[in-house]
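Residue numbers (this note's numbering), protein chains in the order written: chain A, 1 to 163; chain B, 1 to 163.
Using N, Cα and C, we set each Cβ at its ideal position, and we do this for glycine too.
Predicted model only: the values in this text are computed from it and were never measured.
Number of protein chains: 2
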Amino acid sequence: MTTSTHESPRKASISKPRDREIHIERVFNAPRDRVWRCFTEPELVAKWWGRGNKLVVEKLEVRRGGHWRFVEHSPDGVHGFEGRYREVTPQTRLVYTFEWDGMPGHPSVETAVFEDLGDGRTKIVNDTLFFTNEERDGMMSAGMESGLNESYEALDRLLATIS
Amino acid sequence: MTTSTHESPRKASISKPRDREIHIERVFNAPRDRVWRCFTEPELVAKWWGRGNKLVVEKLEVRRGGHWRFVEHSPDGVHGFEGRYREVTPQTRLVYTFEWDGMPGHPSVETAVFEDLGDGRTKIVNDTLFFTNEERDGMMSAGMESGLNESYEALDRLLATIS
Numbered sequence: 001m002t003t004s005t006h007e008s009p010r011k012a013s014i015s016k017p018r019d020r021e022i023h024i025e026r027v028f029n030a031p032r033d034r035v036w037r038c039f040t041e042p043e044l045v046a047k048w049w050g051r052g053n054k055l056v057v058e059k060l061e062v063r064r065g066g067h068w069r070f071v072e073h074s075p076d077g078v079h080g081f082e083g084r085y086r087e088v089t090p091q092t093r094l095v096y097t098f099e100w101d102g103m104p105g106h107p108s109v110e111t112a113v114f115e116d117l118g119d120g121r122t123k124i125v126n127d128t129l130f131f132t133n134e135e136r137d138g139m140m141s142a143g144m145e146s147g148l149n150e151s152y153e154a155l156d157r158l159l160a161t162i163s
Numbered sequence: 001m002t003t004s005t006h007e008s009p010r011k012a013s014i015s016k017p018r019d020r021e022i023h024i025e026r027v028f029n030a031p032r033d034r035v036w037r038c039f040t041e042p043e044l045v046a047k048w049w050g051r052g053n054k055l056v057v058e059k060l061e062v063r064r065g066g067h068w069r070f071v072e073h074s075p076d077g078v079h080g081f082e083g084r085y086r087e088v089t090p091q092t093r094l095v096y097t098f099e100w101d102g103m104p105g106h107p108s109v110e111t112a113v114f115e116d117l118g119d120g121r122t123k124i125v126n127d128t129l130f131f132t133n134e135e136r137d138g139m140m141s142a143g144m145e146s147g148l149n150e151s152y153e154a155l156d157r158l159l160a161t162i163s
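Next up, the structure:
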């Protein structure tokens, strides 16, 4: 049940493969260790995760059971996000809960897999599971796709500057 | 698909009505406002929630978006539990996430409804939703039922002492 795909390599491919799930794929022009660092080092996360807006990384405990909490300061207001790591496999895989302060008590679970494409590029495959289809569809209609693409474009720019 | 019920009014009735769900009912010999206080005041929660074991209430922010965190010191070890309130309707209804430190990143959502039975007694109806059936069944096989009954018996004893 794919609902949207994009030809541009600069847009994330987003689909709804099964009930309660969102599947996202995106390729980055950077080796896997560099992409991994951008997801796990606070000073790097702060530079892309908030779509180019100011982002305060209040907590980023990248280990099983660790918590994370980011606060984005965007033109339309202050938005907090938080969760907890279920699994951390260095360079390869992160599983964590994700919750937006605007919908407290409605966590989803994200599995992010970092694939080394062998040519200096990295593909991130992200599967998100919600408690209900309503929560998933609400997230998608709340501008998730454009927000995600803005963040990933900020990540492209950041990856080009680090080594 | 009811899997177990109990005749004794002192045991909680526990069933699996639908996929990914647990349904629990239990009657307490106390008026609703007193039962509500035992779920929302830290010094009262500390006296029953941990099955009679020492319980440290690290956080109990009973409001939409607020966090809670309890640490139980039992003979078999120290167990932390935490979550966040989705909904707080005084005297009537609490909806919150529930996560055990031993399974981080595997939250469930609990809806607790407090029914005034009109005769000085209160029924608590608790519906829990998990992300998967495996998480639900794992929780049930991990001694949830006996732990719950021990906590509710401690709550019976507490309710008899407060006014």
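Query: Would you report the Cα separation of D137(A) and S163(B), rounded to the nearest angstrom?; Result: 46 Å
Query: For S141(A), is the classification buried or exposed, using 16 other Cβ atoms within 10 angstroms of its Cβ as the cut-off for buried?; Result: exposed
Query: Compare the C-beta of V56(B) against all C-beta atoms of chain A and say whether one is closer than 9 Å.; Result: no
Query: Look at the alpha carbon of P17(B) and the alpha carbon of L129(B), and state the distance between them as a whole number of angstroms.; Result: 11 Å
Query: Taking all protein chains shown into account, do 16 or more other C-beta atoms lie within 10 angstroms of the C-beta of P32(B), making it buried, or fewer, making it exposed?; Result: At residue 32(B) the sequence reads Arg, which differs from the Pro that was named. R32(B) is buried by the Cβ-count criterion.
Query: Closer than 9 Å between beta carbons: that is the criterion. Which residues of the stretch 113–137 of chain A meet it against chain B?; Result: L129, F130, F131, T132
Query: Hey, R86(A) and H106(B) are a contact pair by Cβ (cut 8 Å); roughly how many whole angstroms apart?; Result: 7 Å
Query: By alpha-carbon positions, which one of Y152(A), E99(A), Q91(A), E82(A) ends up nearest to M139(A)?; Result: E99(A)
Query: According to DSSP, what are the bridge partners of K59(B)?; Result: R69(B)
Query: Name the two residues that bound the continuous alpha helix (DSSP H) containing A12(B).; Result: No alpha helix (DSSP H) holds A12(B); DSSP gives it neither H nor E.
Query: Using a Cβ cut-off of 9 Å (strictly closer), state whether G77(B) contacts chain A.; Result: no
Query: Round the Cβ separation of P75(B) and L60(B) to the nearest angstrom and send it over; I've been treating them as touching at under 8 Å.; Result: Between L60(B) and P75(B) the Cβ distance is about 24 Å, and since that is not below 8 Å, they are no contact.
Query: Could you list which residues in chain B have their beta carbon closer than 8 Å to that of D19(A), in chain order?; Result: In chain order: nothing, as chain B lies at least about 11 Å away.
Query: Using a Cβ-Cβ cut-off of 7 Å (strictly less than) and excluding sequence neighbours within five positions of V88(B), which residues of its own chain qualify?; Result: V62, R63, R64, L94
Query: Identify which residue in P90(A), Q91(A), E58(A), R34(A) has its Cα closest to the Cα of F241(A).; Result: Residue 241(A) is absent from the structure shown; chain A starts at 1 and stops at 163.
Query: When the Cα atoms are used, what is the spatial distance from K54(B) to R10(A)?; Result: 54 Å
Query: Using alpha carbons as the reference points, say which of V45(B), D127(B), A30(B) lies closest to S151(B).; Result: V45(B)
Query: Of all the options G118(A), R121(A), G83(A), T122(A), which has the alpha carbon lying nearest to the alpha carbon of S108(A)?; Result: G83(A)
Query: I need the DSSP call for W49(B), collapsed to helix, strand or coil.; Result: coil
Query: So A12(A) packs on L148(A), CB below 8 Å; how close in whole Å?; Result: 6 Å
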